[in-house]
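Protein chains in written order, with my numbering: chain A, 1 to 584; chain B, 585 to 826; chain C, 827 to 1078. Here a beta-carbon is modelled for each residue, glycine too, at the ideal position from N, C-alpha and C. Predicted, not measured: the structure shown is a model, and the values here were computed from it. The structure appears below as structure tokens.
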Amino acid sequence: MSENFERHAYDILIIGSGGAGLRAAVAAAEGGAKVAVLGKSLLGKAHTVMAEGGVAASLGNVDPADGWETHFYDTMRSGHFINNYKMVEVFAKEAPDRVLELEQWGAVFDRTPEGRIMQRPFGAHTFRRLAHVGDRTGMEIIRTMEQKILTVNVDVFQEITATKLFIDNGRVAGTVAYYREDGRFALFTAKAVVIATGGWGKAYKVTSNSWESTGDGAALAFRAGAELVDMEMVQFHPTGMVWPPGVRGLLVTEGVRGEGGLLRNSEGERFMEKYDPQRMELSSRDVVARSIYKEVQAGRGTPHGGAWLDITHKGPEYIKRKLPGMYQQFMALADVDITKTKFEVGPTIHYTMGGIKVDALTCATNVPGLFAAGECAGGLHGANRLGGNSLADILVFGKRAGDGALEFIQGHEGTPKVEEAEVQAEIERVLQPVGQESGENPYALHEQLQEIMANHAGISRNGPELEQGLQKMLELKERAKSMSAPGSRTFNPGWHSVHDVRNMITLCEAIIRGAIERKESRGAQWRLDHPDELEEYGKINFVHKMEDGEVKTYTSPVAEMTAELQELFQLGAAPGIAKSGKKE
Amino acid sequence: MAEEITLSVFRGDRSGGREQEYKIPAVPGMVVLDALHYIQAHQAPDLAVRWNCKAAHCGSCSAEINGSAKLLCKTRVDDYTDEVIHVRPMHTFPVIKDLVTDVSWNYEKLRQIPAFQPAIKAPFTLHQRDVDRIQEFRKCIECFLCQNICHVLRDHSAKDAYWGPRMMIRMAELQMHPLDTADRIDLLKGSAGIGYCNITKCCTVVCPQGINITDNGIIPLKERVADKYFDPLGGLVRKMHK
Amino acid sequence: MAQSAETIHGSKSKSGAAWWVEPYLTVLALGLFGVYSLWLVFFQHTGQFQNYLSPFFSPTEDWGIKVLPALWVLWAPLLFRATCYYYRKEIYRGFFHDPMACGVPESRRKFYFGETRFPFIWTNLHRWFWYIALVVLVFLWIDAVKAFIFPVAGGGSTFGVGLGSLIMLVNVSLLTMYSLSCHAFRHLVGGGSQKFSCADGSPTTRYKLWNTVSRWNEKHGLFAWVSMFSVWFTDVYIRLLIYGVIHPVRFF
Ligand SMILES: Cc1cc2nc3c(=O)[nH]c(=O)nc-3n(C[C@H](O)[C@H](O)[C@H](O)COP(=O)(O)OP(=O)(O)OC[C@H]3O[C@@H](n4cnc5c(N)ncnc54)[C@H](O)[C@@H]3O)c2cc1C
Ligand code: SF4
Ligand code: SF4
Ligand code: FES
Ligand code: FES
């Protein structure tokens, strides 16, 4: 039986209505293209809304010595030099413009006494660099984009899930998607497609991520032939809530440490002195997360297995003004008044550095017409992401992807086609689990997937456990073929998670395979059986390709920086430090 | 430890429905959304509920818990001891399924608000005191709980006459931006229908972000309307002052 | 599902009272105040006892009008209060059940125009009544000062303090706070401006004023009630003196 579906034709289709997707849409629409944006949830609710701490850009408003060179330096160093340096370069250079542009569009950042955009210190940023709005910066950004999008000509489709990318003669041709509301289908054909679907933090149980973070876009692109890079790099944020169980994993913004919060173990010791005496609490995330983990392993953890974070010395008024969200979050959810007492924190999954491999300047993937930007793309952050760099990432590369797609459709004649039969086949596949009473429960599979990832590919890893994890993941992949979703098509969350689980399995396989291959410790990848950072691995990225339905893993050389850029690392200190008179 | 809690959740769709009871084990610190997730995973996989962040940031999970308009992810189960927890969808918007309602009307209205029109190019020189007032409004997470509780929309179904408190503070935030040059006063008095608000403050009461919608947003806007339409003298003075 | 009082929004106020208590108390208090005012208008001709003057009768007979003297002064404060944003809320909730409490279903009247049509569109004139109320306030302050100047037997006068003087001082102070915490005033004094900083980055005078008034404004509802009761109480006290039910207390 064939299913009716809506048909929409666009110049540029953007999958994902987070910060990256919306920024791409603005760029594409301003260039005169006919643009549509799809999102799994309502407009303005995407994962970006959760970002708290700030957006990194070397505006130099509070530390005039800051400049793109220093931002470049910090980002490369924290990424342990497996970043795509070209991406980092344009990123560091363009971030300030993208932030100012937000101000132009109506974003209202916190101000310095001189009336400029305020910038706060953050982990492993040499200078005070994060433009912010209290602890709701992401909300400000998405709201601003949401409002900007209304002033340009873009069609927004809300609560719609894309399930497959179509390819015509090697070129991307569009997608099929279903409305969550009633399960009706729509075919979107386009001359270029931008993937901006965010990360896959939901593959772990203790996570700060929203339900949307199931890596749909990366999985779709992967199946359509795009390459994935650095998948083994999954960021643990050092400070998530650990108690009560209901809120385990919920983020405690790095802003708490940025504003002066101190970490102590159960013995009252400020343990970061041992692990990074210079940067202390504001060391990079991989280091702080590992330090907390080690303290807990050594028996110096808090009652619920974390570390103490203490900001009380800043005084209630300051805390309530600078961290109102945190104050409320702890009051409402944990009955803890952070202005009066220290509180427990522990590592939580936060960000996926890896993703779709893209060109540094245009965000093009290896599939013609297919672009990717934001958390779903890989390369910018290398082995570890700096706080605040993601919001800057989605702005800089959101715009670049939009521009890239525009340039592509201007340079390529014609519109690729999607075969009717292909669409019907996909619809049939997607509908298959609906109403099935017997079959695997997607919720249960999701939980098992999270368990495998936590136990086999968590914060500390080793070869045998990873191998076991891979076996389990492959078994899960088999079982996932027969998932069922009792009930109707009308807003059926069980059915929705069927697709999420399938996508996560695909990506998790790549994570584990990458982690197995990278026989060293670097950034977020911490191998107990290979505890050192090895030079030879600093020269390669692991790249995954889908070949005949199988995940294949290859290496790809890390591009070498130009001589000029390399010089930035020969100064003996971060660029700008001498000028600022500050000690590193 | 393993206490049992009882939830009575509305199940149904556009054609109607009724509450259904579920019993689930309590976990310390559990919020109502967790309870619903437990039901989804173990008892009713197709139970529809909107959510994203589970951190009171996104404003997706609005519903009515024991008659109060609240966020599911911010309402703790242990606030209701020895009580059945009744969970129903927002009353003011049409039900799609279970707890999910059709809030598209709000997005239509958001579209109709004239955008920010700055006088100059960024970077701006603005002081914290200039923006404190509008930052309060920009905290809005668009949960639409205020729209849900506002009696003009809820009881008088006057959606074509009044745009509701969310839109009012959106306009307040733009109108009070120190560098904005657009004029929304005619719109406020006209099709946005600010006159329909009788400042009874239920919106302020339910706002999970603690925004003083009525006192800091709507009343100052009503005063701006009065400036233009009900105070010729004041208007004249202001003109001469400029 | 029938909604019991317990399950309705705002069902329990902070004090734990049921949701309908507040609107009924409002109706009761405002109703009694109204009845009392009418009684003054129709049946009382003076508010003067020695150097004490009831706020209901200020400014006084000087106008040479002998019919319903209270009416000539009362309309201004009454309209001021009737158009006050705070009282409007209480009146709409208490008298018109629009809504009685948050989430309580209203009787589905066919029409609801809010403040877009007669009569409530007149509430937009609140600021005008505020100006008039300010004039009245000046007279009340003069009365309060007079309340400290007692006639001396055999002519002349002297400074003194009686219970009535204190009551009148407190009353006029509360009325002042009520008027100065007004939303319209908050707007006029600075809230209406878009920018709060001077070119050199320092705060404007209007900002400082607005900021102060904003702080008072948070307590506007409280000032509304206590100043109403203090007016009432002041009149009752003076009236009891006039009737000779009680005797004046003089501290020195
Ligand atoms: C709690 C928290 C705090 C953070 N704080 C900061 C911070 O302070 N600074 C910082 O720089 N970064 C921070 N981050 C990281 C940052 O928020 C994210 O990395 C970034 O917002 C990702 O944006 P995005 O546009 O790439 O994707 P997202 O915002 O995740 O958007 C993805 C979009 O894709 C849509 N989508 C997904 N799948 C599909 C599908 N199949 N079909 C259609 N649409 C789909 C979704 O609906 C959504 O609209 C934080 C993250 C978290 C979780
Ligand atoms: S104060 Fe106005 S906007 Fe708010 S709920 Fe009441 S009538 Fe609606
Ligand atoms: S103003 Fe408050 S209640 Fe209304 S939508 Fe915004 S956050 Fe929700
Ligand atoms: S889930 Fe985001 S506000 Fe509740
Ligand atoms: S608002 Fe109450 S007196 Fe003006």
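Cα-Cα separation, residue i to residue j
i           : j           : result
Lys-552(A)  : Glu-30(A)   : 39 Å
Phe-122(A)  : His-132(A)  : 11 Å
Tyr-918(C)  : Cys-781(B)  : 11 Å
Ser-438(A)  : Ser-484(A)  : 6 Å
Ile-834(C)  : Val-62(A)   : Below a pLDDT of 50, predicted positions are generally treated as unreliable, and Ile-834(C), at 40, falls in that range; the measurement from the model is reported next regardless. Their backbone Cα atoms lie some 50 Å apart in a straight line.
Gln-104(A)  : Thr-302(A)  : 46 Å
Gly-19(A)   : Met-145(A)  : 7 Å
Thr-137(A)  : Gly-115(A)  : 18 Å
Phe-594(B)  : Ala-405(A)  : 45 Å
Lys-342(A)  : Asp-799(B)  : 35 Å
Leu-165(A)  : Glu-420(A)  : 14 Å
Asn-541(A)  : Ala-221(A)  : 19 Å
His-1046(C) : Ser-1007(C) : 6 Å
Ala-810(B)  : Gly-982(C)  : 50 Å
Ala-1059(C) : Arg-602(B)  : As written in the sequence, residue 1059(C) is Phe, which differs from the Ala given in the question. So the alpha carbons of these two residues sit roughly 54 Å apart.
Ser-460(A)  : Pro-531(A)  : 10 Å
Arg-717(B)  : Leu-528(A)  : 52 Å
Val-345(A)  : Thr-1031(C) : 45 Å
Ala-24(A)   : Phe-397(A)  : 8 Å
Expected contact under 8 Å - CB spacing of residue i and residue j to nearest Å
i          : j          : result
Arg-264(A) : Glu-281(A) : Wrong, their Cβ atoms sit about 10 Å apart, outside the cutoff.
Ile-14(A)  : Val-296(A) : So it is not a contact: roughly 42 Å between Cβ atoms.
Phe-974(C) : Ala-902(C) : Wrong, their Cβ atoms sit about 25 Å apart, outside the cutoff.
Asp-764(B) : Gln-701(B) : 6 Å
Ile-427(A) : Glu-6(A)   : No, Ile-427(A) and Glu-6(A) are not in contact; Cβ-Cβ is about 12 Å, not under 8 Å.
Gly-369(A) : Phe-408(A) : 6 Å
Ile-12(A)  : Val-35(A)  : 5 Å
Phe-236(A) : Thr-348(A) : 7 Å
Where residue i meets chain C, residues with beta-carbon distance less than 8 Å
i          : result
Lys-812(B) : Simply none; closest approach about 10 Å.
Asp-663(B) : Near Asp-663(B) there are no residues of chain C at all, since even the closest Cβ is about 12 Å away, more than 8 Å.
Cys-781(B) : Gly-940, Glu-941
Cross-chain neighbours of residue i in chain B, by beta carbon under 9 Å
i          : result
Glu-181(A) : Ile-680, Lys-681, Val-684, Asp-686
Contacts of residue i in chain A (Cβ-Cβ under 9 Å)
i          : result
Pro-629(B) : Asn-441, Pro-442, Tyr-443, Ser-484, Ala-485, Pro-486, Gly-487, Asn-492, Pro-493, Gly-494, Trp-495, Ser-497
For residue i: DSSP bridge partner residues
i          : result
Arg-595(B) : Arg-602(B)
Asn-585(A) : The displayed coordinates of chain A run from 1 to 584. Any statement about residue 585(A) would go beyond what the structure contains.
Trp-308(A) : Arg-264(A), Glu-344(A)
Lys-607(B) : Thr-590(B)
Leu-648(B) : Leu is not the amino acid found at residue 648(B); the sequence shown has Glu there. Beta-bridge pairing links Glu-648(B) to Ala-653(B), Arg-672(B).
Listed by chain order, chain B residues near residue i by CB distance under 8 Å
i          : result
Thr-151(A) : Ala-699
Gly-240(A) : In chain order: nothing, as chain B lies at least about 11 Å away.
Counted within 10 angstroms of its Cβ, other Cβ atoms place residue i as buried (16 or more) or exposed
i           : result
Ser-841(C)  : Residue placement at Ser-841(C) is poorly supported in this model, since its pLDDT is 41, which falls under 50; the coordinates still yield a value, given next. It counts as exposed.
Trp-211(A)  : buried
Gly-458(A)  : buried
Ile-704(B)  : exposed
Ile-1072(C) : exposed
Asn-153(A)  : exposed
Asp-770(B)  : exposed
Tyr-1069(C) : exposed
Val-998(C)  : buried
His-593(A)  : In the structure displayed, chain A extends from 1 to 584; residue 593(A) sits before or after that span and is not available.
Glu-259(A)  : buried
Thr-984(C)  : exposed
Leu-966(C)  : buried
Within chain A, partners of residue i - CB distance below 8 Å
i          : result
Ile-644(B) : Strictly speaking, residue 644(B) in this sequence is Ser, with Ile absent from that position. Correct list: Ser-41, Leu-42, Lys-45.
Listed by chain order, chain B residues near residue i by CB distance under 7 Å
i           : result
Tyr-1033(C) : Arg-713
Lys-1021(C) : Asp-714, Pro-762
Below 7 Å from a heavy atom of ligand 7 - residues by beta-carbon: Absence of ligand 7 is noted for the structure shown, with ligand 1, ligand 2, ligand 3, ligand 4 and ligand 5 being the only ligands found.
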